[in-house]
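Participant: Following this message is one structure expressed as structure tokens.
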Amino acid sequence: MVDVREPAEFAAGHLPEARNVPAGKLAERIGELEKFKGKPIIVCCASGMRSGKALGELKKQGFEKPYNLAGGVDAWVGAGYPVKKGAKSK
Numbered sequence: 028m029v030d031v032r033e034p035a036e037f038a039a040g041h042l043p044e045a046r047n048v049p050a051g052k053l054a055e056r057i058g059e060l061e062k063f064k065g066k067p068i069i070v071c072c073a074s075g076m077r078s079g080k081a082l083g084e085l086k087k088q089g090f091e092k093p094y095n096l097a098g099g100v101d102a103w104v105g106a107g108y109p110v111k112k113g114a115k116s117k
């Protein structure tokens, strides 16, 4: 799970297993995700806009199974699913 929101947004509440890689830094930090290239990878942001763009970048870089979390973290929270607070990233 990759959360492409900014660090302050991530710290305010993120999905429990998410790794924070801000959308604006995805290209320079893509190497951190190489080990997931052949595995399913879920990308999220607040509503799905930034993660949709990030999904395109991951596909362009050869990631085989990227998925966008429909509705983003906002929908996740709205559905009552848990979030963690703090800046620590997996």
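Numbering (this note's numbering), first residue to last: 28 to 117.
Yeah, the Cβ is synthetic: ideal placement off N, Cα and C, and Gly gets one too.
1. May I ask you to report which of helix, strand or coil DSSP gives P34?
2. May I ask which residues mark the beginning and end of the beta strand (DSSP E) holding V70?
3. Could you say if the stretch 73 to 80 and the stretch 56 to 63 meet the contact criterion of at least three C-beta pairs nearer than 8 Å?
4. By DSSP, does K115 sit in helix, in strand, or in coil?
5. Would you kindly work out how many angstroms separate the C-alpha atoms of G99 and A38, rounded to a whole number?
6. Here's a check: name, in chain order, each residue in its chain whose Cβ is nearer than 7 Å to the Cβ of P67, leaving out the five neighbours to either side.
7. Beta-carbon within less than 8 Å of V110's beta-carbon, same chain only, minus the 5 sequence neighbours each way: which residues are those?
Facilitator: The relevant details are as follows:
1. helix
2. 67 to 71
3. no
4. K115 falls in the coil class under three-state DSSP.
5. If I take the Cα positions, the gap works out to 15 Å.
6. Excluding the 5 residues flanking it on each side, P67 has same chain C-beta neighbours closer than 7 Å at K92, Y94, in chain order.
7. G40, H41, L42, P43, V100, W103, V104
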